[in-house]
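What follows is a single structure, written as C-alpha cells, with notes after it.
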Amino acid sequence: MGISGKNFVCFLGREIGRFAAIAIYRCIIAPMLYHQFKSSHKQLAVLIDPDQHTEESLAQLLHLAQNAHTDFFFVGGSLLLEDRFEKAITYIKEHSKIPVIIFPGNSYQVSAKADAILFLSLISGRNPEYLIGQQVIAAPLIKEANIETIPTGYLLIDGGRISTTSYITQTVPIPNDKPDIAVATALAGEMLGMKLIYLEAGSGAVNSVAAEMIKAVKKNISVPLIVGGGIRSAEKAEECCKAGADIIVVGNILEKEPDLLMEISLAVHSNNKVNE
Ligand code: 1GP
Numbered sequence: 289m290g291i292s293g294k295n296f297v298c299f300l301g302r303e304i305g306r307f308a309a310i311a312i313y314r315c316i317i318a319p320m321l322y323h324q325f326k327s328s329h330k331q332l333a334v335l336i337d338p339d340q341h342t343e344e345s346l347a348q349l350l351h352l353a354q355n356a357h358t359d360f361f362f363v364g365g366s367l368l369l370e371d372r373f374e375k376a377i378t379y380i381k382e383h384s385k386i387p388v389i390i391f392p393g394n395s396y397q398v399s400a401k402a403d404a405i406l407f408l409s410l411i412s413g414r415n416p417e418y419l420i421g422q423q424v425i426a427a428p429l430i431k432e433a434n435i436e437t438i439p440t441g442y443l444l445i446d447g448g449r450i451s452t453t454s455y456i457t458q459t460v461p462i463p464n465d466k467p468d469i470a471v472a473t474a475l476a477g478e479m480l481g482m483k484l485i486y487l488e489a490g491s492g493a494v495n496s497v498a499a500e501m502i503k504a505v506k507k508n509i510s511v512p513l514i515v516g517g518g519i520r521s522a523e524k525a526e527e528c529c530k531a532g533a534d535i536i537v538v539g540n541i542l543e544k545e546p547d548l549l550m551e552i553s554l555a556v557h558s559n560n561k562v563n564e
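Using our numbering, the first residue of the sequence shown is number 289, and each one after it goes up by one.
In C-alpha cells form, the structure reads like this:
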C-alpha cells in the first residue's frame, strides 16, 4: 500500500473516531439533563433573573441553593434590560455544580456555557411570534451553541394579575379554573412532540396554578410536568407536588427572602421519601 493509501486509512480512522465521539456525546452524555427531568423524584428549580441580582446576591443564592440540594437553575428573564445574561451564566457555572438551564424570555437568550435550554413554545397563546417566530430566530443560535435542547410546551395560566409574560407576548392566559382547557392544550403539546409541559402562573403571581388544574394535566400527560409562578411558601410547593407537579420553580420570593429556599426544598424533596 502506497503512502497516500496509509494516509487515507489514518484519515478514515480519525473521521470514524470523530463521528463515534459525537454520537456518544449526543446519545449518552448530552441527553442526561432530560433524563434528570424524567426522574420519578420531585425536583426543585430556582429561577434566576440576571437583572435582579448583584454579584453579591447571586453568590449568596448559589451558596444557599447548594446547601438546599437544589436540582436546577433556570436562568432567563422577560426583559433583561442589562447585559447580565452571559455574565450570570458564566458566574454560576464557575461557582456551582448545579445544572444551568436557560429559560429564555426571548430568542437572544442563548449561551454555549449553559447545560441546556428549554425550547419554549407558548402553546396557550395564539400569537405566532411566540409559537414559532422567536424559535426560528433562536434555532441557528442554539445549534451553534451546541447545547441540549428540550422542547417544552409552555402554558400561561391566569395568576390573578396581568403578568409580564402575558403583556410582552400579548397573549391571554388560560383561566385558572378551567382545567379542561389546560388538559387539551397540554395534550396537544405532547402530541406535537414536546418533552416537557410547563404550567406558568407568571412571576410574582397572586395565585399559583390551582391544584385541580395540576392534577388534571398530570393525569393526562406522560411527559414531566413543571409548575411555577407565585409559589412563595413550603406549603404551596408541597401542595403543587402532591397535585402532580414533577418540578417546582421558585424565583421571585427568593430575591426578597433567600432563606426560604431551604424550607421549600425540604417540602419538595420530602415527597420523594414518601414515594420511595
Ligand atoms: C417560573 O415565573 C416563574 O415559572 C417564577 O415565578 O417568580 O413567582 O416564583 P415566581
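Cβ coordinates follow ideal geometry from the N, Cα and C atoms, glycine included.
- Contact check between the segment 483-502 and the segment 514-528: three or more CB pairs, one atom from each, fall below 8 Å, which counts as touching.
- Tyr-455 sits in a helix when the DSSP states are folded into three classes.
- Between ligand 1 and Val-363, a heavy atom-to-CB distance of less than 6 Å is absent.
- Those residues placing their Cβ nearer than 5 Å to any heavy atom of ligand 1 are, following chain order, Leu-335, Glu-488, Ser-491, Gly-492, Gly-516, Gly-517, Gly-518, Val-537, Val-538, Gly-539, Asn-540.
- In the DSSP assignment, Gln-354 falls within the unbroken alpha helix (DSSP H) covering 343-355.
- Judged by DSSP secondary structure, Leu-368 falls outside any alpha helix (DSSP H); it is assigned neither H nor E.
- Sequence-distant partners of Asp-547 (beyond 5 residues in either direction) whose C-beta falls short of 8 Å from its own C-beta, in its chain, are Leu-352.
- Here Gln-423 carries a helix assignment [DSSP, helix/strand/coil].
- Its chain contains Val-471, Ala-474, Leu-475 as the residues whose beta carbon lies nearer than 7 Å to that of Asn-508, once the 5 sequence neighbours on both sides are disregarded; these appear in chain order.
- When the beta-carbon positions are compared, Gly-441 and Ile-485 come within less than 7 Å of each other.
- Secondary structure of Pro-439 (DSSP, three-state): strand.
- DSSP places Gln-397 in the coil class of the three-state scheme, outside both helix and strand.
- In this chain, the alpha helix (DSSP H) harbouring Tyr-322 covers 320-326.
- Phe-299 has its alpha-carbon roughly 46 Å from the corresponding atom of Gln-354.
- With 16 or more other CB atoms across the displayed protein chains lying within 10 angstroms of its CB, Met-482 is buried.
- Remark: C-beta atoms of Ser-399 and Ile-377 approach each other more closely than 7 Å.
- Residue Glu-543 holds the alpha-carbon nearest to the alpha-carbon of Leu-350 among Asn-559, Leu-554, Asn-560, Glu-543.
- In this structure, the straight-line span from the alpha carbon of Met-501 to that of Gly-301 is close to 55 Å.
- Nearest C-alpha to Ser-327 among Ile-541, Glu-551, Ile-514: Ile-514.
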